[in-house]
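Undergrad:
Numbering (the UniProt record's numbering), first residue to last: 1 to 110.
1. Since I believe residue 75 is in contact with residue 22 (beta carbons under 8 Å), could you give me their beta-carbon distance rounded to a whole number of angstroms?
2. Please go through the same chain and pick out, in chain order, the residues whose beta-carbon is closer than 7 Å to the beta-carbon of residue 60, but skip the five residues on each side of it.
3. Alpha carbon to alpha carbon, how far is residue 26 from residue 68? Give it in angstroms, no decimals.
4. Report the three-state DSSP secondary structure of residue 64 (helix, strand or coil).
5. Using only the alpha-carbon positions, how far apart do residue 73 and residue 1 sit?
6. Let me know the secondary structure DSSP gives residue 18 once reduced to three states.
7. What does a CB cutoff of less than 6 Å around residue 52 pick up in its chain, not counting 5 residues either side in sequence?
8. What's the gap between the Cα of residue 38 and the Cα of residue 55?
9. Report the three-state DSSP secondary structure of residue 1 (helix, strand or coil).
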């Protein structure tokens with residue numbers, strides 16, 4: 001008797017969690033930044049210029065990581081706690097979330 005069986009890894013799993021997707025995005029972004037840094041190092045004869053550019057790229061990576069961290073945190077929250085228009089909120093500058101502010105606008109004093 002015997003049986004062999006199943007196997008076969010499904011490349012597209014239906015339950016790919018937001019965390020996995022976001023981490024994949026972050027890894028891609030970091031790989032792109034590293035590739036850019038290597039290109040700069042290869043194309044530039046001035047070490048100081050490379051270092052400056054590297055710092056800029058590292059800042060970009062940190063910003064990306066911060067953004068992904070925020071998205072990861074949101075992805076782990078129950079939907080009820082998330083604002084309905086998450087994308088538009090992410091694109092606009094953050095506003096203080098106080099119920100009174102949304103109910104009645106505060107008087108502007110010059």
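Virtual Cβ for every residue (Gly too), placed ideally from N, Cα, C. Computed from a prediction, not measured in an experiment: that's the story for all the values here.
TA: This is what the structure holds:
1. 7 Å
2. 33
3. 7 Å
4. helix
5. 50 Å
6. helix
7. none
8. 13 Å
9. coil
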